[in-house]
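A.B. asks:
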Amino acid sequence: MSLDERTVEVITYFVAAACTLGIYTVLYRENRLFRLFEHIFIGVAAGYGLAITITEVLDPRWFKPMVTENAALISACDSLVGWQGASLDERLKKEGKASIRWDVKGIGAIRFSAPPSNWSDAKYLKLWVHSRKPSGGSVIVRVATADETGKVKGWLSNSIPIDFAGWREVTLYISEFSREGEVNLKTVRVIEFAADDALIAAGTVVHIDNVRHCVGRKWYWILALVCGSLYYTIFIPRFAWMSRLIIGAVMGLQSGYTFKAFVLTFYPQIAKSLRPIYVPGNLSLTLNNIIFVVTLLCVLIYFFFTIEHKHPAIRTSARIGRLLLMVTFGLIFGNTVMARFSLFIKRLDFLITQFPWLK
Amino acid sequence: MSLNRLASSTLIMLSRFQQVDRRIIYALVWVLIGFPIVAPYIGVRLPILPMYPTRAARSFFEAVESIPDDKVVLVACDFDPGTLGENGPQCRAVIEHLMRCRKKFIIMGLDQVGPTIAQAYAEELGKRYGYRYGVDYCNFGWITGGQMFLERMCRDLHAAVKQDKMGTPINEIAMMQNVRSAKDIGLVVEFTGSGLLPLYIATFHAQFGVKLAQGCTGIIGPEQFPYLDTGQLSGLLVGLKGAAEYEEMLKTVGGGKRTMLPQSAGHLLIIILVLLGNLGTWAARRAERGMRV
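In order, the protein sequence lines correspond to chains A and B.
Taking numbering that gives the first Met the number 0, the leading residue of the first sequence gets 0, the next gets one more, and so forth.
Taking numbering that gives the first Met the number 0, the leading residue of the second sequence gets 0, the next gets one more, and so forth.
#1: Just the Cα atoms here: how many angstroms apart are I199 (chain A) and D162 (chain A)?
#2: Do we get a CB-CB distance below 7 Å when we pair G33 (chain B) with the residues of chain A?
#3: What do you get for V261 (chain B), buried or exposed, if any count of 16 or more other CB atoms within 10 angstroms of its CB means buried?
#4: Between which two residues does the beta strand (DSSP E) carrying K210 (chain B) extend?
#5: For a contact defined as C-beta to C-beta under 7 Å, what are the partners of Q268 (chain A) on chain B?
#6: Which term fits R98 (chain B), buried or exposed, when burial requires 16 or more other beta carbons within 10 angstroms of its beta carbon?
#7: Please give me, in chain order, every unbroken run of the beta strand (DSSP E) with length at least 3 that falls completely inside the stretch 128-152 of chain B.
#8: Could you tell me which chain B residues have their CB closer than 7 Å to the CB of D348 (chain A), listed as they occur along the chain?
#9: What three-state label does DSSP hand D20 (chain B) in the structure shown?
#10: Report yes if the CB atom of P160 (chain A) is closer than 7 Å to the CB atom of S174 (chain A), and no otherwise.
#11: I believe Y245 (chain B) touches L196 (chain B) by the beta-carbon criterion, under 8 Å. Please report the beta-carbon distance rounded to the nearest angstrom.
#12: Between L91 (chain A) and the rest of its own chain, which residues show a CB-CB distance below 8 Å, the 5 nearest in sequence each way excluded?
#13: Using a Cβ-Cβ cut-off of 7 Å, state whether G108 (chain B) counts as contacting chain A.
#14: Using the Cα positions of V66 (chain A) and V204 (chain A), report the straight-line distance between them to the nearest angstrom.
#15: So I106 (chain B) packs on A119 (chain B), CB below 8 Å; how close in whole Å?
#16: Could you give the DSSP three-state label for T305 (chain A): helix, strand or coil?
#17: Against chain B, with Cβ distances strictly below 7 Å, would P115 (chain A) count as a contact?
#18: Going by DSSP, what residue range makes up the beta strand (DSSP E) through A143 (chain A)?
#19: Any idea what DSSP makes of Y172 (chain A), helix, strand or coil?
#20: May I ask you to report which of helix, strand or coil DSSP gives Q176 (chain B)?
#21: So with CB distances below 7 Å, who are the chain B contacts of P59 (chain A)?
#22: Indicate whether the contact test is met: 3 or more Cβ pairs, each with one atom in the stretch 101-115 of chain A and one in the stretch 225-232 of chain A, closer than 8 Å.
#23: If you follow the beta strand (DSSP E) that D88 (chain A) is in, where does it begin and where does it stop?
#24: Measure the alpha-carbon distance for V214 (chain A) versus K125 (chain A) and round it to whole angstroms.
#25: What does K240 (chain B) touch in chain A if you count any residue whose Cβ is under 9 Å from its own?
#26: Since I184 (chain B) contacts V160 (chain B) with CB under 8 Å, what's their CB separation in whole angstroms?
#27: What are the boundary residues of the beta strand (DSSP E) that A70 (chain A) is part of?
#28: How is H204 (chain B) classed by DSSP in three states: helix, strand or coil?
#29: Exposed or buried, which one is P46 (chain B) when buried takes at least 16 other CB atoms within 10 Å?
#30: Can you tell me whether K256 (chain B) is buried or exposed, with buried defined as 16 or more other CB within 10 angstroms of its CB?
#31: Going by beta carbon distance, what residues of the same chain come within less than 6 Å of H308 (chain A), once the five residues before and after it are set aside?
#32: Give every residue of the same chain whose Cβ lies closer than 6 Å to the Cβ of W118 (chain A), excluding the five residues on either side of it in the sequence, and list them in chain order.
#33: Which complete beta strand (DSSP E) runs does the stretch 156-242 of chain A hold, if anything under 3 residues is left out?
#34: Could you check the C-alpha separation between V19 (chain B) and L13 (chain B) for me, to the nearest Å?
#35: Quick one: Cα of L222 (chain A) to Cα of T52 (chain A), how far?
#36: Starting from S263 (chain B), follow the alpha helix (DSSP H) in both directions and report where the run begins and ends.
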């Protein structure tokens, strides 16, 4: 049985409304209904957190790079966008809707001018090639790369021997390409497929499908699992020392980053705290700066616990500092009230404005 | 009855303000906040309160307006449903502004749910402004790794992010072809209810000179002003009020401005309750001392 959109909307509303009202029952007093919804919330949040960790982090960023070739599509060969000199064949194809048909006898070379530009991570090029009959010729694959200004400055070349009939998946390692000029794999511009004389003489028709460049399997990511597993050795007394290795490494790394962040974030604030208390010709800025400097000094003096607050100057400053802190706490409390009301308003707004028969 | 006894009984009566049943307060809050929301549905027309944008909000608005056309905006949604009431309207208003200005933007978040919420806003508003996914905006989803990730992203975005939330390789997203590092990002806008701003300051702003603007919850609002003062933040929206100010500048009525009346009613109630509570405390003390009013 499938539900229509309206029914799903109504059910969603009532489930959400029941959850909201269930939680708000605690305003009257602590009760079982509140506990029930509280546990549902915790369960849903934990489940969602786990699911999203798997689907958005572990699977795409760890598992797939480890077990797949990490292919980036250059052309699916399902349309002629970017291709020059070729035609589309929807009948003979290996993957997708169509393949690129290249009549070698008629046109000596075809080009694809819309590849993804950055191939810097690529280890090899992979594509499907179809030949009607074996020949002694080859397809020369040439990749043009440009410099920062966009001008083509370098070429990579390799060949695919067409000594087969039917489909064959071809792998061309980037390291095995011959290089000419200044090759920059961060700015690839064109891929050209050219037939050599023997292939032209053979007069075959070549089909190309699903061209992609691949990084290859990152098997070494399995080490992340090993490192992560070290955390759990804490539960085995005999191997608990191993957990300290990974905890130490992560703490060291994080400490370094935190220190760097502290310097980059708070040093400008310290520098900005040193202000002139008299700005010629600008009364409001002078007043602002005086208030700022007085507040800063008084609050700092209040937090000097190693000096006994006996001397009148220290005692008075510390007292002013405490009063100023109270003002700040009042400000924070006011903002907290505003924040809590906002969250409540959002729920009440949802309950009323989203009511299915009011919308 | 003597004057003293009258004063004493008045003090005792006033001191009861200290012990008002919290359920009465909750009921008052429900009624005062609920009524302005229900009012339009029962035929009562209530005014939309005027808003006066603060300098911090105006700076935010101007920072968005001044983004160069060849740069994109990074919309960092580091919030979850817990602070949706405040960060949601802020995020929606800023996305609407970006769409009006025809700025391309990238959604991401250091929180699991934030990017999903922002995606819903972008899809809804995108229908009105003709924004297409992949061409005018994209969504990187939930990002893990904190500062380390942000730093790598600033240096080489394509190396740090391989695919978007839907699993599409970054290389295949049209708008990402010319966005390669922090130098292609004109502004980072962060919406959060937690203290994640230093991560962005330490990376995007301090190391790569990218402008930052933030929409934060009311609770952490006071802590963020020093960043504005030092120029580390180019603009700041605080709480639901910040969203309402932004809507005022956009000349639109959204979740911010529409809810300013119930918000103000709630604040008024709290002010009255605080005054009554203090009156109660004062009365109780006087009654204890047995002094005359």
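C-beta: ideal position from N, C-alpha, C; glycine also.
Just so you know, these numbers come straight off a predicted model, no measurement behind them.
C.D. replies: Taking the structure as given:
#1: Each residue's Cα considered, the two are about 14 Å apart.
#2: Answer yes: the Cβ-Cβ gap between G33 (chain B) and chain A drops below 7 Å somewhere.
#3: Here the sequence assigns Pro to residue 261 (chain B), which means Val is not the residue at that position. Under a 10 Å Cβ-count criterion, P261 (chain B) is classified as buried, with 16 or more other Cβ atoms of the shown protein chains found around its own Cβ.
#4: Looking at the DSSP string, the run of the beta strand (DSSP E) that includes K210 (chain B) is K210 to C215.
#5: Contact of Q268 (chain A) with chain B by beta-carbon distance below 7 Å involves P225 and T229.
#6: It should be noted that the sequence gives Met, not Arg, for residue 98 (chain B). Classification for M98 (chain B): buried.
#7: Counting whole runs of 3 or more residues, the stretch 128-152 of chain B contains the beta strand (DSSP E) stretches 136-141.
#8: Residues of chain B passing the Cβ test: I36 and T258.
#9: In this structure, D20 (chain B) counts as coil in the three-state DSSP scheme.
#10: Cβ atoms of P160 (chain A) and S174 (chain A): not closer than 7 Å.
#11: Contact doesn't hold; Cβ gap of about 18 Å is too wide.
#12: The beta carbon of L91 (chain A) is closer than 8 Å to those of S98, R100, H129 and H206 in its chain, skipping five residues each way along the sequence.
#13: No, no contact with chain A.
#14: Our two residues, V66 (chain A) and V204 (chain A), have alpha carbons roughly 35 Å apart in a direct line.
#15: Rounded, the Cβ-Cβ distance is 10 Å, inconsistent with contact.
#16: In this structure, T305 (chain A) counts as coil in the three-state DSSP scheme.
#17: Cβ-Cβ to chain B under 7 Å: yes for P115 (chain A).
#18: Membership of A143 (chain A) in the beta strand (DSSP E) is indicated by the continuous run S137 to A145.
#19: In this structure, Y172 (chain A) counts as strand in the three-state DSSP scheme.
#20: Correct three-state label for Q176 (chain B): coil.
#21: The answer, in chain order, is Q162 and G166.
#22: Cβ pair count under 8 Å is below three, so no.
#23: It spans S86 to D88 - the beta strand (DSSP E) in which D88 (chain A) sits, taken as one unbroken run.
#24: Rounded to the nearest angstrom, the two C-alpha atoms are 11 Å apart.
#25: Residues of chain A passing the Cβ test: M337 and S341.
#26: About 13 Å separates the two Cβ atoms, so there is no contact after all.
#27: If you look at A70 (chain A), you'll find it in the beta strand (DSSP E) that goes A70 to S74.
#28: Helix.
#29: It is exposed - the Cβ of P46 (chain B) has fewer than 16 other Cβ atoms within 10 Å.
#30: When all chains shown are included, K256 (chain B) counts as buried.
#31: Contacts found: R314 and A317.
#32: Exclusion of the five residues before and after W118 (chain A) leaves L184, V187 and H212 as the residues of its chain whose Cβ lies within less than 6 Å of its Cβ.
#33: Within the stretch 156-242 of chain A, the complete beta strand (DSSP E) runs of at least 3 residues are 165-172, 177-180, 187-194 and 204-213.
#34: The C-alpha of V19 (chain B) lies about 11 Å from the C-alpha of L13 (chain B).
#35: Annotation: L222 (chain A) to T52 (chain A) spans about 19 Å, alpha carbon to alpha carbon.
#36: From DSSP, the alpha helix (DSSP H) with S263 (chain B) extends over M259 to R288.
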